[in-house]
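Once you know that position 136 of the sequence shown is 136 in my numbering, the rest is easy, because the numbers rise by one and skip nothing.
Here the structure comes first, spelled out in structure tokens, and everything after it is commentary.
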Amino acid sequence: MRNDLENRIRSGIDDCLSGVARRPSLEGRVLERIRGQRRAPARLTVAMALALIVTLLAATALAVGALSGWFRVEQQQAGAMQSCVSDGDTLYLLTGRGLYTWQPEDAEPALLLSAGQLWGNGHSPEALLCRMREALALLHPETRTLWQVDGQKLRPLADYSGTALDNGSLRISAVACAGETLLIRAVPQAGREEEAQLFRWHLPTGIVEQLPLPHVVELCAQDDTHALVLRRDVSAQEETLCRIDAATGSIAETLYTAPVHGMEGITVHPKTGQLLAFVAGAPSLWNGTGWEPMQGYGLSIHTDACAIIGDGLAAINYNDLQVIPLVPENSLTTLRISGIMPLNNEDDTFQQQHPGIAVQRAKNAAFTAADIRQAIADGDTTDLFHVSLNGELAALFRDGTLAALPPSPVLAADAQGMLPAFREGLWVDDTGYAVPSGVFVTVWESSEPIPATVAGLLKAQAGAEAPYIAPQWSGIGWTKKEYADHLLESWLLASGEGNVDFHHPAFAEALQALRNAQLPAEGLPGEPVITTEISVGLHGQLLSPVQQGESRRYEPDEPEQAAPILWQLPAAAGAEVPPVAPARLTVYVLNPNAAEPELALRYLEYIAAHRSPETDALLKPMTAEPVLDPDVEAQIDRITEEQRALDEAQGLVTDAAALERRIGAIKATPDFWAVEEARLQTYREQIAPHVRLQLHPLLTRQAKAPGGVYDRMLRAVLAYADGEGTPEECLHKLDALLP
Numbered sequence: 001m002r003n004d005l006e007n008r009i010r011s012g013i014d015d016c017l018s019g020v021a022r023r024p025s026l027e028g029r030v031l032e033r034i035r036g037q038r039r040a041p042a043r044l045t046v047a048m049a050l051a052l053i054v055t056l057l058a059a060t061a062l063a064v065g066a067l068s069g070w071f072r073v074e075q076q077q078a079g080a081m082q083s084c085v086s087d088g089d090t091l092y093l094l095t096g097r098g099l100y101t102w103q104p105e106d107a108e109p110a111l112l113l114s115a116g117q118l119w120g121n122g123h124s125p126e127a128l129l130c131r132m133r134e135a136l137a138l139l140h141p142e143t144r145t146l147w148q149v150d151g152q153k154l155r156p157l158a159d160y161s162g163t164a165l166d167n168g169s170l171r172i173s174a175v176a177c178a179g180e181t182l183l184i185r186a187v188p189q190a191g192r193e194e195e196a197q198l199f200r201w202h203l204p205t206g207i208v209e210q211l212p213l214p215h216v217v218e219l220c221a222q223d224d225t226h227a228l229v230l231r232r233d234v235s236a237q238e239e240t241l242c243r244i245d246a247a248t249g250s251i252a253e254t255l256y257t258a259p260v261h262g263m264e265g266i267t268v269h270p271k272t273g274q275l276l277a278f279v280a281g282a283p284s285l286w287n288g289t290g291w292e293p294m295q296g297y298g299l300s301i302h303t304d305a306c307a308i309i310g311d312g313l314a315a316i317n318y319n320d321l322q323v324i325p326l327v328p329e330n331s332l333t334t335l336r337i338s339g340i341m342p343l344n345n346e347d348d349t350f351q352q353q354h355p356g357i358a359v360q361r362a363k364n365a366a367f368t369a370a371d372i373r374q375a376i377a378d379g380d381t382t383d384l385f386h387v388s389l390n391g392e393l394a395a396l397f398r399d400g401t402l403a404a405l406p407p408s409p410v411l412a413a414d415a416q417g418m419l420p421a422f423r424e425g426l427w428v429d430d431t432g433y434a435v436p437s438g439v440f441v442t443v444w445e446s447s448e449p450i451p452a453t454v455a456g457l458l459k460a461q462a463g464a465e466a467p468y469i470a471p472q473w474s475g476i477g478w479t480k481k482e483y484a485d486h487l488l489e490s491w492l493l494a495s496g497e498g499n500v501d502f503h504h505p506a507f508a509e510a511l512q513a514l515r516n517a518q519l520p521a522e523g524l525p526g527e528p529v530i531t532t533e534i535s536v537g538l539h540g541q542l543l544s545p546v547q548q549g550e551s552r553r554y555e556p557d558e559p560e561q562a563a564p565i566l567w568q569l570p571a572a573a574g575a576e577v578p579p580v581a582p583a584r585l586t587v588y589v590l591n592p593n594a595a596e597p598e599l600a601l602r603y604l605e606y607i608a609a610h611r612s613p614e615t616d617a618l619l620k621p622m623t624a625e626p627v628l629d630p631d632v633e634a635q636i637d638r639i640t641e642e643q644r645a646l647d648e649a650q651g652l653v654t655d656a657a658a659l660e661r662r663i664g665a666i667k668a669t670p671d672f673w674a675v676e677e678a679r680l681q682t683y684r685e686q687i688a689p690h691v692r693l694q695l696h697p698l699l700t701r702q703a704k705a706p707g708g709v710y711d712r713m714l715r716a717v718l719a720y721a722d723g724e725g726t727p728e729e730c731l732h733k734l735d736a737l738l739p
């Protein structure tokens, strides 16, 4: 049994890694963490990454939901998803394991060509599908060749070697065929998606040219003469949908303009030519002048490609294929949500458990309290907003802009168990206004005790063994700017939402220490002695992380040691000022104009009851208990069942003590715990009493933006630290900026 499991794990790791080749930032971060080159953030550890792979191998391979027409395939069933196309009746799906076909009446995808058949010459399976009129083709970057799928064989059609596209610094991420022309989207290997370049490859002549169309994030064929591109200009916070003339590469027409992340999943019906997309979270049909929302369930994934198949819409990312039904008008009740993307699959699971209810989410990572205020003033009937809780949002609670949550025993009990710092941020005068979906608590890490105050930390820099301080995410050492930022933010956090006294002796001492400190003008890379901005994670971690190429066993040969817990509270602003562990919540709030307020309440109660064990424990450490990873629990059940079945077949009585020892060895493995006991206890006793939400009005995104109040305060502190003016003049500047 163990050998079989190891083979499955190895296969799963191969499939997982095959899906990140076109995502260099993800690939690099995963590999760095697996190799142990970078200490992973506590909320996304090596153990958690491995647990995700275990999840893929242990979870049910195929999910056909209770909803008619709903279909889902996960990565461990068919491999990492590369691309998909459809002729309307059949969906063609290219994955790390081969080329699959699926039709709506099928219970599972059928393998048409295995990876070995496709790339028997040793090439990687990384490729992209496209339809060339009635033919199916594969663009394979490694061979620089366009291949036609011809039965059980691949027939080469064209080669772009030596052209502008033959560039090792680019990764091809999308392809569309319009007549005899391919339009190809390529992203710089170290670049962002918005930096993609668009190329035009004329097959008869072999000419490849780069088109002067920046910011292309999606691409699909429309007909034999045109393609559609979605362009995202982050600086202008705007997206445009354009028709491209395949013959010239120029823009033939700009169809639609929307805010950033307003559209995704652009696709064309292969039989009718109708244009569909997800617009503000809703499947929508282009009517020639605008988008008409259709009845349909929302997607729980970010889409890399979409295709129409039968009466449904298929969407993939590297880990998932989902097919959602497009249903008759007025057959669904729709819950509409605007704001940041959820951390988990709550939209999907809620829809699966509540047939007849669709969750449509307009994704906008930059959605703020100011956007909420404007939406409410405009009469927007979105039901729920999903945003970060900060001082601006808390002000909407107090001034009555946002609706109070209806009475709910579920939500009241949920809030009652939370840390007071969290509960007080969510409730005002015994009235609830928000339900948390995620929590992030940040601390510092060091193997040695750190100075208790900012002044002490700065004075330590003058010693022979000055501690090197750097954030976890960059490794670039602190300069005066980072010290000043920490001092100012810590002082405001310690002040709560009340008055700020910059004339306190502790603040003056820290200010003087900052001025006297000899620090580099620019941050330098190095190995931190003190690592800042560490997110508290309760998932167990190993002292010796599993290395790349090694399999992860459910039943280790010998006990494995837990990684040491190095969390420390950040240096306090002053000796008489309590240290603070800053925290941030993502929350759902109710729109007073909500079209479906009762349905919104059902969703909020669902969120409160279905958080991840780690999130719930971070919110409620005083009542939380250690929790095994759900997939490890499932594996223990399988081990127990298999052992008893084997014994029964041989006429034996199961040795309960031996079985318990096997299970005990699994439970003794630290990284098999979603909430590990030692980490939970450390958080509960050392960190939780100091947790504070960042609700001061001067700590909002607007205040910290260039020219904002906090930004001007920081510049005043830095000016004094660099020798400008007297302490009194600096404090006067800070006082003048207080609201």
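For each residue, glycine too, the CB sits at the ideal point set by N, CA and C.
For Tyr-256, the uninterrupted beta strand (DSSP E) run begins and ends at 251–259, by DSSP. For Asn-364, no pairing in a beta bridge is given by DSSP.
DSSP, read as helix, strand or coil, puts Thr-349 in helix.
Using a 10 angstroms sphere on the CB of His-696, the tally of other CB atoms reaches 16 or more, which defines it as buried. It is roughly 41 Å from the alpha-carbon of Pro-505 to the alpha-carbon of Ile-340. In this chain, the beta strand (DSSP E) harbouring Thr-145 covers 145–150.
Residue pairing by DSSP places Glu-445 opposite Thr-531, Trp-567 in a beta bridge. In the structure shown, Glu-685 adopts helical secondary structure according to DSSP, grouped into three states.
Minimum Cα-Cα distance from Ala-394 among the listed residues Ala-370, Thr-225, Pro-355 corresponds to Ala-370.
The C-beta distance from Gln-568 to Asp-671 rounds to 22 Å, too long to fall under 8 Å, and the pair is not in contact. Asp-245 is bridged by DSSP to His-226. The three-state reading of DSSP puts Asp-735 in helix, counting H, G and I together. CA-CA distance, Arg-231 to Glu-264, rounds to 11 Å. Going by beta carbons, Asn-317 and Met-132 fall outside the 9 Å limit. When rounded, the separation of the alpha-carbon atoms in Thr-640 and Leu-601 is 40 Å. The secondary-structure analysis by DSSP pairs Thr-586 across a beta bridge with Ser-388, Gly-438. Put simply, the stretch 291–302 does not touch the stretch 235–252. Fewer than three CB pairs are less than 8 Å apart. Assignment of beta-bridge partners to Asn-317 by DSSP yields Asp-320.
Beta-bridge partners of Phe-199 (DSSP): Ile-184, Gln-210. The stretch 579–599 and the stretch 321–340 touch, with three or more beta-carbon pairs separated by less than 8 Å. Taking Ile-607 as the centre and dropping the five residues before and after it, the same chain places the C-beta of Glu-346, Val-435, Ser-437, Tyr-588 closer than 7 Å to its C-beta, in chain order. Spanning the alpha carbons of Ile-666 and Trp-444 requires a straight line of approximately 30 Å. Counting only runs that start and end inside the stretch 78–150, the alpha helix (DSSP H) elements of at least 4 residues fall at 115–118.
Bounds of the beta strand (DSSP E) holding Trp-286 are 282–286. If you keep only unbroken beta strand (DSSP E) runs of at least 3 residues inside the stretch 631–658, you get nothing at all. Boundaries of the alpha helix (DSSP H) around Trp-491: 480–494. When the five nearest sequence neighbours on each side are left out, the beta carbons in the same chain lying within less than 8 Å of the beta carbon of Leu-426 are those of Leu-389, Ala-415, Met-418, Gly-432, Tyr-433, Ala-434, Val-435, Pro-436, Leu-585, Val-587, in order along the chain.
Taking 9 Å as the cut-off, the beta carbon of Leu-113 is found no closer than this to the beta carbon of Ser-83. For Thr-333, the enclosing beta strand (DSSP E) starts and ends at 333–339. Out of Glu-625, Ala-678, Gly-88, Ala-674, the CA that lies nearest to the CA of Asp-631 is found in Ala-674. Bridge partners of Pro-293 according to DSSP: Ser-284.
Taking a cut-off of 8 Å on C-beta distances, the stretch 567–582 does not touch the stretch 352–361, as fewer than three cross pairs fall below it.
Leu-538 and Thr-401 have their C-alpha atoms some 36 Å from each other. Contact check for Leu-136 and Leu-146: beta-carbon distance about 11 Å, past the 8 Å limit, so the pair fails to qualify. Assigned with DSSP and collapsed to three states, Met-622 falls in coil, not helix or strand.
According to the DSSP assignment, Ala-178 belongs to no alpha helix (DSSP H) but to the beta strand (DSSP E) extending over 170–178.
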